[in-house]
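In the numbering used here, the protein residues as written are 53 to 550. Beta carbons: idealized from backbone N, C-alpha and C, even for Gly.
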Ligand SMILES: [Zn+2]
């Protein structure tokens, strides 16, 4: 079956060829029309499956062609017909999460992942509740946007969907409903930083506030020694108390969130990540071992854990810190993860940390998850810099004005005084390679996407989206190239030879 060129409402050249799915006498595809992407469904006139979609039907010959908008209802209907568009759990496979703040990056992500020969399991749907707030999208929209990108590229292999940095049971409920499979629980607000300066007497006092189940005599860890490969961890009283006070309430929160998750998920397969990366002080190996030991004691099952590593993981730029220190740190965390799990070590704020990928791949022996988000937005800006440098210049000026205010909730060290002045920039694409400019552009994304002019229209958002939608291949090419640099170090054979 091919769409009939005599059909006035459908022009064959609009069809996105790689999207065509032929299944049991029905054709599904995406078409690029002057009004944006449309879902096309072509079948015999009385095929009941046409009734599953909301759209306009046209008959020609012995066929009916339905043209439908990319609504949430049509996305759901398509998932019922093409089940590979539903996310799945990925287990312990080496994996990469590719967050997408604009909802247009998935085709580029798919093209990069396809070059990994199946060695990296992808998470194409990923957004935290905080990012949802900043981008004005819902977990369902994030899910659907990624799905249309997967459908466009004809992706049929398993992929995961990460409900990232969840803080409450309500967050879990919303994301479960939207079909997410990977739940990242962030108990960061329960991490107690007082321990870093507390003496033994204070630690004993603080420990009394922990729930009864977490009291020192119930841990079974006091004066125990744990051997995790090359590490020997001895839980003398100060070490154990420090771990308990720092992470005990966080462990308890994860336990409660997990109970809620598995209760609500029922028979649906879901997997858990534990993340304490967004906290002030590094997670020591003893503290990691304490967390793992206690979570196991409370029956929590998880596939990955994101410690707070040594050094700085600033957004959208390379690792800042001593590489030998990082290697020692991640090697210990990986040894603990293999001993208590195995589970994966998760690298959050993983965008653009090019100097540590190889170290992390080797240390974890592939039991690793890489999480990126903002870098796909920066590649959208790079695309803009190529296609419409004047518009990009406008955005950069705005971001400079916003930076001091917007940076407050991030750990970034960029200085306005160091970043190039707009008048100094000759080649706008190179601005995306400047440390300070990258961070400035990164942390202001929410303001850029939401800013409205005095007439009530978006100042940048509509124009940015239009430009990316009109140039899908330019954007996909930039994303693909950028992600090959992120992903390749995780599959290089020599990285796994000790
Ligand atoms: Zn994180």
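Same chain only: Cβ atoms within 7 Å of residue i, ignoring 5 sequence neighbours per side
i, result
"residue 550", "Confidence at residue 550 is low in this model, with a pLDDT of 46, below 50, so its placement is unreliable and no value can be given for it."
"residue 537", "406"
"residue 124", "192, 196"
"residue 387", "280, 281, 282, 283"
"residue 459", "495"
"residue 278", "285, 341"
"residue 532", "160, 163, 164"
"residue 430", "368, 484, 490, 493, 494"
C-beta contact flag for residue i and residue j at 8 Å
i, j, result
"residue 483", "residue 448", "yes"
"residue 368", "residue 491", "yes"
"residue 66", "residue 95", "no"
"residue 428", "residue 395", "no"
"residue 528", "residue 160", "yes"
"residue 420", "residue 146", "yes"
"residue 214", "residue 175", "yes"
"residue 73", "residue 118", "no"
"residue 389", "residue 342", "no"
"residue 411", "residue 379", "yes"
"residue 222", "residue 68", "no"
"residue 324", "residue 235", "yes"
"residue 275", "residue 288", "yes"
"residue 142", "residue 224", "no"
"residue 506", "residue 366", "no"
"residue 399", "residue 422", "yes"
"residue 425", "residue 403", "yes"
"residue 231", "residue 138", "yes"
"residue 290", "residue 252", "yes"
"residue 326", "residue 354", "yes"
"residue 153", "residue 128", "no"
"residue 316", "residue 228", "yes"
Minimum C-alpha distance to residue i - residue among the options
i, options, result
"residue 170", "148, 525, 352", "148"
"residue 439", "429, 310, 520, 74", "520"
"residue 417", "541, 445, 486", "541"
"residue 345", "292, 360, 378", "292"
"residue 554", "165, 140, 137", "Look at the range of the chain in this structure, 53 to 550, and you will see that residue 554 is not part of it."
"residue 106", "120, 113, 115, 116", "120"
"residue 157", "524, 82, 181", "524"
"residue 126", "93, 270, 376, 365", "93"
"residue 97", "353, 475, 112, 480", "112"
"residue 70", "108, 183, 202, 104", "202"
"residue 539", "409, 144, 336", "409"
"residue 88", "208, 457, 200", "200"
"residue 530", "481, 319, 515", "481"
"residue 186", "526, 513, 198", "513"
"residue 415", "229, 478, 381", "381"
"residue 75", "122, 86, 136", "136"
"residue 475", "413, 504, 442, 332", "442"
"residue 517", "167, 155, 508, 86", "155"
Test: residue i CB closer than 8 Å to a CB of chain D
i, result
"residue 513", "Of the protein chains in this structure there is only one, and it is not chain D."
Beta-carbon separation (whole angstroms), residue i vs residue j, contact threshold 8 Å
i, j, result
"residue 243", "residue 299", "6 Å"
"residue 385", "residue 397", "5 Å"
"residue 301", "residue 262", "7 Å"
"residue 499", "residue 454", "5 Å"
"residue 216", "residue 178", "6 Å"
"residue 488", "residue 467", "6 Å"
"residue 305", "residue 352", "Between residue 352 and residue 305 the Cβ distance is about 11 Å, and since that is not below 8 Å, they are no contact."
"residue 359", "residue 335", "4 Å"
Close-in-space but distant-in-sequence residues of the same chain around residue i (CB under 8 Å, 5 per side omitted)
i, result
"residue 433", "444, 447, 484, 493"
"residue 58", "Bear in mind that the predicted position of residue 58 carries a pLDDT of just 42, short of 50, making it unreliable; the figure below should be weighed with that in mind. Taken in chain order, the residues that qualify are 112."
"residue 377", "362, 363"
"residue 188", "501, 502"
"residue 246", "254, 258, 297"
"residue 486", "471, 472"
Neighbourhood of residue i by C-beta, 6 Å cutoff - its chain only, sequence neighbours within 5 removed
i, result
"residue 60", "Below a pLDDT of 50, predicted positions are generally treated as unreliable, and residue 60, at 45, falls in that range; the measurement from the model is reported next regardless. No residues qualify anywhere along the chain."
"residue 450", "none"
"residue 535", "164"
"residue 109", "116, 118"
"residue 83", "66, 67, 90, 92"
"residue 544", "none"
"residue 131", "137, 138"
"residue 104", "129"
Heavy atom of ligand 2 within 7 Å of residue i beta-carbon
i, result
"residue 330", "The model on display carries ligand 1 but not ligand 2."
Inset, instruction - Output the residue ranges of the alpha helix (DSSP H) runs that lie fully inside the segment 421-491 and measure 4 residues or longer, sorted by chain position. - result: 426-439, 441-458
Legend entry - In chain order, each beta strand (DSSP E) run of at least 3 residues that lies wholly inside the segment 278-341: 283-286, 323-327
Inset, instruction - Kindly provide the ranges of any alpha helix (DSSP H) runs that are 4 or more residues long and lie completely inside the segment 190-263, ordered along the chain. - result: 191-205, 221-229, 252-259
Inset, instruction - Go through the segment 500-528 residue by residue and report every complete run of the beta strand (DSSP E) that reaches 3 residues or more, in order. - result: none
Legend entry - In chain order, each beta strand (DSSP E) run of at least 3 residues that lies wholly inside the segment 103-167: 107-112, 115-120, 147-150
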